[in-house]
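Take this note's numbering: the last position of the sequence shown gets the number 983, and nothing is skipped along the way.
The block underneath contains the structure these notes are about, expressed in structure tokens.
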Amino acid sequence: MTEDLSPAERYAASRIRAAEEATALHPFRAMYDFDLDPFQIEACEALEAGKGVLVAAPTGSGKTIVGEFAVHLALTQGGKCFYTTPIKALSNQKYQDLVKRYGADKVGLLTGDNSVNSDAPVVVMTTEVLRNMLYAGSQSLLGLAYVVMDEVHYLSDRFRGAVWEEVIIHLPESVTLVSLSATVSNAEEFGDWLDTVRGDTAVIVSEHRPVPLWQHVLAGRRMYDLFEESDDGRGGRREVNPDLLRMARMENQRTYNPRDRRKGKTVREADRERERRQRTRIWTPGRAEVIERLDSAGLLPAITFIFSRAGCEAAVQQCLYAGLRLNDEDARQQVREIVEERTASIPGEDLHVLGYYEWLEALERGIAAHHAGMLPTFKEVVEELFVRGLVKAVFATETLALGINMPARSVVLEKLVKWNGEQHADITPGEYTQLTGRAGRRGIDVEGHAAVLWQRGMDPQALAGLAGTRTYPLRSSFKPSYNMAVNLVQQFGRHRSRELLETSFAQFQADKSVVGIAKQVRRNEEGLEGYEQGMTCHLGDFQEYAAMRRDLKDRETELAKQGAAQRRVAAADSLEKLKVGDIIHVPTGKFAGLALVLDPGVPAGRTNGHRRGLEHHDGPRPLVLTAERQVKRLAEIDFPVPVEALERMRIPKSFNPRSPQSRRDLASQLRTKAGHITPERHRRGRAAAADDREIARLRTALRAHPCHGCDEREDHARWAERYYRLQRDTRQLEQRIEGRTNTIARTFDRIYALLTELDYLRGDEATEHGKRLARLYGELDLLASECLRDGVWEGLNPAELAACVSALVYEARQADDAVAPKVPAGAAKEALGEMVRIWGRLDALEEDHRINQTEGVGQREPDLGFAWAVYLWASGKGLDEVLREAEMPAGDFVRWCKQVIDVLGQVAAAAPASSGGSTVAKNARKAVEAVLRGVVAYSSVG
């Protein structure tokens, strides 16, 4: 080709080549055995030009290469690069990748668990670690040139998202920021904000998947394509497969009519037989059947997402019982060697407790589960074997989709509904994209496959909507915290801190949303003028008449509410009179019917992870045994009318609410004792509105008003009602505008006022107590600081201290109201009780300052559910005994222990010096040593 060029053109081409070869990107590209995609090149060039970059691209598209180029630039320029990730597993994985490329001497790791070569020029860390370094003014920040924030879309996370914004806002101006995100629909908005707070930022968005993804539905014996291309002359639109639509219609059709009952039994039987035959053609295939089918179609390795840990474990067992074997003898031998090498440090007695042999058998067959309840070492082994192709079927919860490098040829979704911590909810388009994004391995697969299992009532159009919506918006979850407020004021003073918080992405989004609301207000005001004309009456002032009608309606509603409130007070009074052994009739709700009172109220200081302030604000909550053998704690909402004891019966001392047999026996006695009693029907008294003078006055005034006699009165009234509704909506919009302006700063002001009242802040300075709080990070930072301040933990031994600290971090996955958690006796029990009392005081103080936990600010109630387990472990008890007592999987136990260790380290740093007679710092360090042993200490890094 160059022979066809003129000398001048050849010279120009050689100049361009020379310029390209002089860039840092040229040798970096040579490190890969594939050429970079256009979006990667564009991002790397912007980075080398000195710009920050935001890269939004699908899962598996290779956006981390841009982060690795930042590492390359830092090493080339003699600077430092911090590579941050949202989870420790991802940090460990990235650390291993970078060590392979640059050597162990140049790469370090900092997570809550590990510190490896922390002074290296490249350090991989969790985002929280970097946040803590920024607030502490760490010397490690000197010479920092680049920060890579992998999975930056995590700032939407309502629990941890604020950390990402804190880092972005507080990083020194000299640091270039590389933000890597999943595809989001408002990348430009996020880029605009980054431009505002970080300077010149290039936004690179790629919708292209390097490996095409095919969507399927598995139903009966077939795997149907979700879409079919329709060649209608308009560019080949994707239409939902008509076979799926036909199946959905067929399944939803009623196959017999209730009126057919008159025609006799034979018709119904024939219809039902027809229905059975139809449904045999479209069933939901079993888990082992799905894997066999994928294997025969050459679509393994596959990840099946099941939104339940127990479901993942059950799926593995079902495949084993079905005799599924996906590995040959060679692969089995390789699996055994790798597993034995990775688990060599785990004692034999612990292996048995951890279910090692059953786990190994499944791995040898090429099958595994992957979820947060597993031991971290076990999860890492599964990940390694899957990447090597030695595990071909993984049943996982959605946590696997969070950035861990485990691509597959196929992804299967069992259901499109998952538990979100509060309720079963449909998965979002963003979650669907994240999960199915694992399908298709770059450089290995020509195409990826995502299959959803057919379920009764499935809507193919809704599934197509999920699959077709490639993006989801990034929403800030930023909220100031006590620790954040103290650290900011300590560094910048109150005024500057307020200004910094107003630069958050949360405030940026709130301010932008106000523009649209203001336009709506203007439109509403124009509408009000039209409605005002429509209600004009020739007989008099109809606005005045309409206002009187409204006042009458409001007064009647108010009296009705007062009556309901009085009934609630009477009901609460009646609940307070209940005693253990009373038999009552629950009038309404899910547990309506006969019930036996096991506990008439809420014991002081009980904490079971239920919602904040329950016993303080919701009145008595009797614990009852229903006639259907359920033990439940009821609330006032279950008693709209007063309740009385129908009978009494003795509760045996041997009664155990957790024993099904015990509940069955006592419920049987309850039915025998009171099953024949019919409760008295509660009679309501005369309505208050009948004797109310104000209502009588308003009715008289209405009849006397000139507009009352208008022939078009009701037409005018309809216009007046529209006017009133629109006026009310307009006022609400105006309040929203007022509420969204400076929202973050207002929350900061409330936190500042509370901390000033508690003597943590004075003006622009932090007191000694404030400096202690500045070293305590976590959801219950203020409670921890108050416990140190009041000496609650003085004199506790290391195991007792670990038990108390566990209440600051642990949160039960599901509230258990039936039984109070077991706690260590003696000094630890007293200290835990005092912690709950301090929390109650702080809770009341937060209410006074209008700090609302439902908005993500404030202190939740400490949960004592892990105190006994960590106490036993720190006391040297064996794993078998501790897991039995804890009633939780090994992975959960290890995770909570590591969080306890993290906070114990913070307590050791923040506690008063031992020279002053305090034992807390010394015992916190001893507690770390006591907890960091056995399975808790096993780690694949460092």
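Even for Gly, the Cβ is constructed at its ideal location relative to N, Cα and C.
Inset, instruction - In the DSSP assignment, find the beta strand (DSSP E) that holds residue 126 and state where it starts and stops. - result: Locating residue 126 in the sequence shown gives position 85, counting from the first residue. Here the beta strand (DSSP E) through residue 126 covers 121-126.
Inset, instruction - Measure the Cβ-Cβ separation of residue 832 and residue 959 and say whether it is below 9 Å. - result: For the purposes of this step, residue 832 is taken as residue 791 along the sequence shown, with counting starting at 1. For the purposes of this step, residue 959 is taken as residue 918 along the sequence shown, with counting starting at 1. Their beta carbons are under 9 Å apart, which means residue 832 touches residue 959 by this criterion.
Legend entry - Candidates 914, 851, 554: closest to residue 775 by CA position: Along the sequence shown, one-based indexing puts residue 775 at 734. Of the listed residues, the one whose Cα sits closest to residue 775 is 554.
Legend entry - Proximity to residue 527 [Cα-Cα], best of 907, 950, 790, 495: If you number the sequence shown from 1, residue 527 lands on position 486. The candidate whose alpha carbon is nearest that of residue 527 is 790.
Legend entry - Best match in 260, 261, 256 for proximity to residue 281 [C-alpha to C-alpha]: For the purposes of this step, residue 281 is taken as the residue at position 240 of the sequence shown. Comparing Cα positions, the closest option is 256.
Legend entry - Rounded separation between residue 186 and residue 672 - CA only: Taking the first residue of the sequence shown as 1, we reach residue 186 at position 145. Taking the first residue of the sequence shown as 1, we reach residue 672 at position 631. Going from the Cα of residue 186 to the Cα of residue 672 covers about 59 Å.
Legend entry - Beta-ladder partner(s) of residue 165, from DSSP: Locating residue 165 in the sequence shown gives position 124, where the first residue counts as 1. DSSP lists 124, 150 as partners of residue 165.
Inset, instruction - In the DSSP assignment, find the unbroken alpha helix (DSSP H) run with residue 427 in it and report its ends. - result: By one-based count along the sequence shown, residue 427 stands at place 386. Note, residue 427: alpha helix (DSSP H), 417-428.
Inset, instruction - Would you list the residues sitting across from residue 667 in a DSSP beta bridge? - result: For this step, residue 667 is matched to residue 626 along the sequence shown. The partner list for residue 667 (beta bridge, DSSP) reads 636.
Legend entry - Close-in-space but distant-in-sequence residues of the same chain around residue 232 (CB under 7 Å, 5 per side omitted): Taking the sequence shown and counting its residues from 1, one reaches residue 232 at position 191. Cβ neighbours of residue 232 beyond the five flanking positions: 95, 242, 244.
Legend entry - Collapsed DSSP secondary structure at residue 527 in the structure displayed: One-based indexing of the sequence shown puts residue 527 at position 486. Helix at residue 527.
Inset, instruction - Determine contact between the stretch 936-943 and the stretch 970-979, defined as no fewer than three beta-carbon pairs at a distance below 8 Å. - result: yes
Inset, instruction - Would you check if the stretch 925-932 and the stretch 876-884 touch, i.e. whether three or more CB-CB distances between them fall below 8 Å? - result: no
Inset, instruction - Measure the alpha-carbon distance for residue 810 versus residue 911 and round it to whole angstroms. - result: Here residue 810 refers to the residue found at position 769 when the sequence shown is read from its first residue. Here residue 911 refers to the residue found at position 870 when the sequence shown is read from its first residue. In a straight line, the C-alpha of residue 810 is about 28 Å away from that of residue 911.
Inset, instruction - On the DSSP bridge assignment, give the partners of residue 255 in chain order. - result: If you number the sequence shown from 1, residue 255 lands on position 214. The partner list for residue 255 (beta bridge, DSSP) reads 490.
Inset, instruction - Under the assumption that residue 326 contacts residue 494 (Cβ atoms under 8 Å), give the Cβ distance between them as a whole number of angstroms. - result: In the sequence shown, residue 326 corresponds to position 285, counting from 1. In the sequence shown, residue 494 corresponds to position 453, counting from 1. Going by Cβ atoms, the distance from residue 326 to residue 494 rounds to 7 Å, so yes, they are a contact pair.
Inset, instruction - Could you check the C-alpha separation between residue 425 and residue 202 for me, to the nearest Å? - result: If you number the sequence shown from 1, residue 425 lands on position 384. If you number the sequence shown from 1, residue 202 lands on position 161. Roughly 29 Å separates the two Cα atoms.
Legend entry - Within 9 Å, strictly: CB atoms of residue 742 and residue 584: Looking up residue 742 in the sequence shown gives position 701. Looking up residue 584 in the sequence shown gives position 543. Taking 9 Å as the Cβ cut-off, residue 742 and residue 584 do not qualify as a contacting pair.
Inset, instruction - Pick out whichever of 871, 515, 399 has its Cα sitting closest to the Cα of residue 984. - result: Residue 984 is absent from the model: the chain starts at 42 and stops at 983.
Legend entry - Closest by C-alpha distance to residue 489, when choosing among 359, 344, 188, 253: In the sequence shown, counting from the first residue as 1, residue 489 sits at position 448. For residue 489, the nearest C-alpha among the options comes from 253.
Inset, instruction - Look at the Cβ atom of residue 778, then the Cβ atom of residue 547, and state whether they are nearer than 9 Å. - result: Here residue 778 is taken as the residue at index 737 of the sequence shown, counted from 1. Here residue 547 is taken as the residue at index 506 of the sequence shown, counted from 1. Result no, Cβ atoms of residue 778 and residue 547 do not sit closer than 9 Å.
Inset, instruction - Can you have a look at residue 513 and say buried or exposed, based on whether 16 or more other CB atoms are within 10 angstroms of its CB? - result: Position 472 of the sequence shown, counting from 1, holds the residue named residue 513. The residue in question, residue 513, is buried, as its Cβ has 16 or more Cβ neighbours within 10 Å.
Inset, instruction - Could you tell me whether the stretch 387-398 touches the stretch 911-925, using the rule of 3 or more Cβ pairs below 8 Å? - result: yes
Inset, instruction - Tell me, to the nearest whole angstrom, how far the beta carbon of residue 165 is from that of residue 126; I am working on the premise that it is less than 8 Å. - result: As a working mapping, residue 165 is identified with position 124 in the sequence shown. As a working mapping, residue 126 is identified with position 85 in the sequence shown. About 7 Å; that satisfies the 8 Å criterion.
Inset, instruction - With DSSP as the reference, please indicate the residues paired to residue 623 in a beta bridge. - result: In the sequence shown, residue 623 corresponds to position 582, counting from 1. Paired residues: 689.
Inset, instruction - Reducing DSSP to helix, strand and coil, say where residue 935 ends up. - result: Residue 935 sits at position 894 when you count from the first residue of the sequence shown. Helix, per DSSP.
Legend entry - Buried or exposed by the 16-neighbour rule on C-beta atoms within 10 Å, applied to residue 291: Taking the sequence shown and counting its residues from 1, the one referred to as residue 291 is at position 250. That one is exposed.
Inset, instruction - Look at residue 124 and residue 145 and say whether their C-beta atoms are less than 9 Å apart. - result: The residue labelled residue 124 in the question sits at position 83 within the sequence shown. The residue labelled residue 145 in the question sits at position 104 within the sequence shown. No, Cβ-Cβ distance for residue 124 and residue 145 is not below 9 Å.
Inset, instruction - State the Cα-Cα distance for the pair residue 861 and residue 868, rounded to the nearest angstrom. - result: As a first step, residue 861 is located in the sequence shown; it is residue number 820 there, counting from the start. As a first step, residue 868 is located in the sequence shown; it is residue number 827 there, counting from the start. Going from the Cα of residue 861 to the Cα of residue 868 covers about 18 Å.
Inset, instruction - Using a Cβ-Cβ cut-off of 9 Å, state whether residue 66 counts as contacting chain B. - result: Reference to chain B is not applicable here, since this structure consists of a single protein chain.
Inset, instruction - Answer yes or no: do residue 628 and residue 641 have a C-beta to C-beta separation smaller than 9 Å? - result: For this step, residue 628 is matched to residue 587 along the sequence shown. For this step, residue 641 is matched to residue 600 along the sequence shown. Cβ atoms of residue 628 and residue 641: not closer than 9 Å.
Inset, instruction - Output the boundary residues of the beta strand (DSSP E) element that contains residue 912. - result: Here residue 912 is taken as the residue at index 871 of the sequence shown, counted from 1. Here residue 912 belongs to no beta strand (DSSP E); instead the alpha helix (DSSP H) covers 908-915.
Inset, instruction - Could you give the DSSP three-state label for residue 762: helix, strand or coil? - result: For the purposes of this step, residue 762 is taken as the residue at position 721 of the sequence shown. The answer is helix: DSSP assigns residue 762 an H, G or I state.
Inset, instruction - Output the distance between the C-alpha atoms of residue 66 and residue 772, rounded to the nearest integer angstrom. - result: Residue 66 sits at position 25 when you count from the first residue of the sequence shown. Residue 772 sits at position 731 when you count from the first residue of the sequence shown. If you take the alpha carbons of residue 66 and residue 772, they lie about 57 Å apart.
Legend entry - Buried versus exposed, by CB contacts within 10 Å (16 or more), residue 909: Stepping through the sequence shown from its first residue, residue 909 is reached at position 868. Buried.
Inset, instruction - Quick one: using the 10 Å Cβ neighbour count with 16 as the cut-off for buried, is residue 72 buried or exposed? - result: For this step, residue 72 is matched to residue 31 along the sequence shown. Exposed is the call here.
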